[in-house]
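Q: Residue numbers (my numbering), protein chains in the order written: chain A, -1 to 298; chain B, 30 to 301. Note that the Cβ used here is the ideal one computed from N, Cα and C, for glycine as well. Encoded as structure tokens, here's the structure I'll be asking about.
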Amino acid sequence: MTLIKDRHTLQTFNGVKVALFIIPALIVLGIFWVLPLIMGFIFSLFHWNFGQNPVWVGWHEYQLVMSSSLFWQSLVNTILFALGVVGVGTALAIMLALILYQEIAGKGLFRTLLFIPYVMPLVASSTIWLWIYQPGVGLLDRMLQLVGLPGSTSWVQNTTWALPAIILFTIWYSLGFTTLLFLAGLTTVSPELGEAALIDGASPWMRFRRITWPLLSPTTLFVIIVNTIGVFQSFTQIFELTRGGPLGATTTLTYLVYEDAFQYFHFGTSLATGVLLFIVVAGITALQFLVSRRAINYGD
Amino acid sequence: MRTLSQTVKYGILIIVVGLTIFPIWWIFSTSLETLQSAFQFPAGLIPHGDWQNYLAAWKLAPWLRFFGNSMLISITTVLLALFTSTLAAFAFTFLAWRGREWVFAGVLGTMMVPFEAILVPDYLIIRQFDWINTYTAQIIPFAASGFAIFFLRQFMRSLPVEIRDAANIDGASDWGYLWRIVVPNIRAALATVGIYLFLLSWNAFLWPLVVTTTANREPIQVGLANFVQTANGTDWTVVAAAAGFVTLPVLVLYFVAQKQITDAIARTGLKG
């Protein structure tokens, strides 16, 4: 009898103790991360403008979202944004990482400088770029004038150039970060392989193509996924540089969620767009979990 | 041949790193110009050493208040999140209980949720709590982190089993084991997660933009954004000065703790 009672007491005690350890974290994650996700799914089935009572409408808000041209434009913008940043940023970062991984004088300084934009507050750096993109007097137009071009483009107020302007800013801002991830990835590539190939007379390009690139591919995949998620979540630079404009030319899914709810007070469609954004990003993140397990091996 | 490839490498580095740094140089030089000289190019690239803009910008908004708000919010968030996440990671590593793996899977699941997707429901919750325009609204939703729990648990699992056995023999309680043995042994991991959480909180923009309504609760990022909006197009030199002194503390921190910061970012894959 006593044994059972003791075991029971012990279990109760354990349960309370476990609860004390996990409950603070679970309350926060439950109320501010899990509950809103569930709310998002449920509330998106209601029609709901600011100050009005919610009305059950089933999939109607999703139909509204799907039939809005701004939604499709945002989706296309988000994908182009991701392709631009990931494509150009990854290529540049691999090149820089390969150079900076070698023994060359001053590499510490180059690495330090390259990383500065990434630690700057995004609001401050976006503001700098707003000035750079000013038509006629901004740095970009001044540089173009120096080489004899007209140099009077309103970069961020122009439907053609606004998205490329956002992409250029984002590449500038994240290049140090991406390079850092590749430098970490390169530590997993054994130098002996390259040396053996050198002895066999392989050209630098062949060594890169046949040895470094395949061994680096898990890192490349990880970088592509992390940067894609980053682009999907980008908000600050869009808010500061273009406010999603002109004419929706730089509205991304994340910006649309914000704009719908907090500029137009259409909570129903904003919630539905948020659910769609969640599904896309969660899918990409699940992919990241699968690859990051073996992809990253940070040596020092 | 060797020197040629060396030259090409340095050429690439100097061009790319130069282009990276140039905008920052330009903003600092703009911030030291008068409005007329800022529009002269390329003469405007050499700073005049005119601190007027900094004084002007400083007087136009309650910057000290913004800085104070950001410090308060970021430091409190980091301390709370480190505390709750360490406790949870401990329970997921060292305590045996039913349903542990399921709850842990749930915690990992929160890492897959982009905050932007739950922005509106979270806003509605905060409004229900009557937390609009408070520090609480900017701290409590981030007072625990699925990523921090995951990361700290990885480190706790790597502690040698012998330490645990020795602690058991000495009769240390779980609580004592956590604070006297586990925490001192995962200091590096705590520092990494702490830096990650601090940068995340300090640079947060969308959430404070949505939940704050007055300057006395706004963090520095929202303060700067509002300042740019009101000053936009009037005087770039003053805006540049404001951007300059918002950036400066972070740059100083970066140069002081560069190794820890780059390490934290490389290990955590932090992305703003």
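For Asp264(B), which residues in chain A fall below 9 Å Cβ to Cβ?
A: By Cβ distance, chain A contributes nothing, its closest Cβ being about 11 Å from Asp264(B), past 9 Å.
Q: Determine the contact status of Leu43(A) and Glu59(A), defining contact as a CB-CB distance below 9 Å.
A: For Leu43(A) and Glu59(A), yes; Cβs fall inside 9 Å.
Q: Would you mind sorting Ala239(B) into buried or exposed? The rule is 16 or more other CB atoms within 10 Å of its CB.
A: First, the residue type needs correcting, since residue 239(B) is Val and not Ala in the sequence shown. The residue is buried, with at least 16 neighbouring Cβ atoms inside 10 Å.
Q: Beta-carbon separation of Ala134(B) and Gly252(B) under 9 Å?
A: Contact: no.
Q: Taking Cβ-Cβ distances shorter than 7 Å, what residues in chain B pair up with Gly272(A)?
A: Ordered by position in chain B, the residues that pass the 7 Å Cβ test against Gly272(A) are Ala146, Ile147, Leu148 and Val149.
Q: Spell out a yes or no on whether the segment 61 to 69 of chain A and the segment 211 to 223 of chain A are touching, meaning 3 or more CB-CB pairs, one atom from each, closer than 8 Å.
A: Touching, no, given that fewer than three Cβ pairs across the two stretches are closer than 8 Å.
Q: Does the Cβ-Cβ distance between Val257(B) and Ala272(B) come in under 9 Å?
A: Against a cut-off of 9 Å, the Cβ pair of Ala272(B) and Val257(B) comes out as a contact.
Q: Here's the rule: buried if 16 or more other CB atoms are within 10 angstroms of the residue's CB, otherwise exposed. What is Leu173(A)?
A: So Leu173(A) ends up on the buried side.
Q: For my contact list, Ser230(B) and Ser103(B) are in at a C-beta cut-off of 8 Å; report their separation, rounded to the angstrom.
A: Their Cβ separation, rounded to whole angstroms, is 4 Å, which keeps Ser230(B) and Ser103(B) in contact under 8 Å.
Q: The alpha helix (DSSP H) that contains Leu327(A), what's its start and end?
A: Because chain A spans -1 through 298 in this model, residue 327(A) falls outside it and cannot be assessed.
Q: Could one say the Cβ of Phe184(B) lies closer than 9 Å to chain A's Cβ atoms, at least one of them?
A: Not an interface residue.
Q: Please name the residue, chosen from Val55(A), Ile40(A), Ile77(A) and Leu111(A), that lies closest to Thr49(B) on a Cα-to-Cα basis.
A: When only C-alpha atoms are compared, the closest one is Leu111(A).
Q: Our contact map puts Ile215(B) next to Ile192(B) with C-beta atoms below 8 Å; I'd like the distance itself, whole angstroms only.
A: Between Ile192(B) and Ile215(B) the Cβ distance is about 12 Å, and since that is not below 8 Å, they are no contact.
Q: By DSSP, does Trp54(A) sit in helix, in strand, or in coil?
A: Of the three classes helix, strand and coil, the one that applies to Trp54(A) here is strand, per DSSP.
Q: Can you name the residues of chain B whose CB is closer than 7 Å to the CB of Phe265(A)?
A: Chain B residues near Phe265(A): Val149.
Q: Does the beta-carbon of Ser187(B) have 16 or more other beta-carbons within 10 angstroms, so that it is buried, or is it exposed?
A: That one is exposed.
Q: Taking Phe144(B) as part of the alpha helix (DSSP H), name the residues at either end of that continuous run.
A: No alpha helix (DSSP H) contains Phe144(B), which DSSP labels as neither H nor E.
Q: Quick one: grab the DSSP three-state call for Gly301(B).
A: Its pLDDT being 39, under 50, Gly301(B) is placed unreliably by the model, and the measurement read from it follows with that caveat. The answer is coil: DSSP assigns Gly301(B) none of H, G, I, E or B.
Q: Does at least one heavy atom of the ligand FAD sit under 8 Å from the Cβ of Met141(B)?
A: Ligands displayed in this structure: none; no statement on the ligand FAD is therefore possible.
Q: Can you name the residues of chain B whose CB is closer than 8 Å to the CB of Glu311(A)?
A: Missing from the structure shown is residue 311(A); chain A here goes from -1 to 298 and no further.
Q: Taking 8 Å as the threshold, find out whether the segment 72 to 83 of chain A comes into contact with the segment 123 to 136 of chain A through three or more Cβ pairs.
A: They do not touch, by the three-pair rule.
Q: Quick check: the Cα distance between Asn82(B) and Asn255(B), rounded to an integer number of angstroms?
A: Asn82(B) and Asn255(B): Cα-Cα distance of roughly 18 Å.
Q: Since Asn232(B) meets chain A, which of its residues come closer than 7 Å, beta carbon to beta carbon?
A: Neighbours of Asn232(B) on chain A, chain order: Pro119 and Leu120.
Q: Report buried or exposed for Thr242(B), applying the criterion of at least 16 other Cβ atoms within 10 angstroms of its Cβ.
A: Exposed.
Q: Helix, strand or coil, according to DSSP, for Phe227(B) in the structure here?
A: Here Phe227(B) sits in helix by DSSP.
Q: I need the DSSP call for Asn47(A), collapsed to helix, strand or coil.
A: DSSP places Asn47(A) in strand when its eight states are reduced to three.
Q: Would DSSP call Lys38(B) helix, strand or coil?
A: Of the three classes helix, strand and coil, the one that applies to Lys38(B) here is helix, per DSSP.
Q: Tell me which same chain residues have a C-beta within less than 8 Å of the C-beta of Gln289(B), skipping the five on either side of it?
A: Excluding residues within five positions, the ones whose Cβ falls inside 8 Å are Ala220, Thr221 and Ile224.
Q: List, in order along the chain, the chain B residues whose C-beta lies closer than 8 Å to that of Tyr256(A)?
A: In chain order: Glu145, Leu148, Leu235 and Val239.
Q: Round the Cβ separation of Gly272(A) and Ile147(B) to the nearest angstrom and send it over; I've been treating them as touching at under 8 Å.
A: 7 Å between Cβ atoms; contact.
Q: If we cut at 9 Å on Cβ distances, does Val279(A) have a partner in chain D?
A: Among the chains of the structure shown, chain D does not appear; the protein chains present are A and B.
Q: Hey, which unbroken runs of the beta strand (DSSP E) at 3 residues or more fall wholly within the segment 186 to 221 of chain A?
A: Listed in chain order, nothing qualifies, since the segment 186 to 221 of chain A has no complete beta strand (DSSP E) run of 3 or more residues.
Q: Applying the criterion that 16 or more other CB atoms from any shown protein chain within 10 Å of the CB defines a buried residue, is Gln167(B) buried or exposed?
A: It counts as buried.
Q: Output, in sequence order along the chain, the residues in the segment 160 to 190 of chain B whose CB is closer than 7 Å to any CB in chain A.
A: Residues passing the 7 Å Cβ filter: Ile169, Pro170, Ala172, Ala173, Gly175 and Ile178.
Q: Any beta-carbon of chain B closer than 9 Å to the one on Ser268(A)?
A: Closer than 9 Å: yes.
Q: Going along the chain, which residues of its own chain have a beta-carbon closer than 6 Å to the beta-carbon of Ala80(A), five neighbours each way excluded?
A: Closer than 6 Å at Cβ, skipping near neighbours: Thr226 and Val229.
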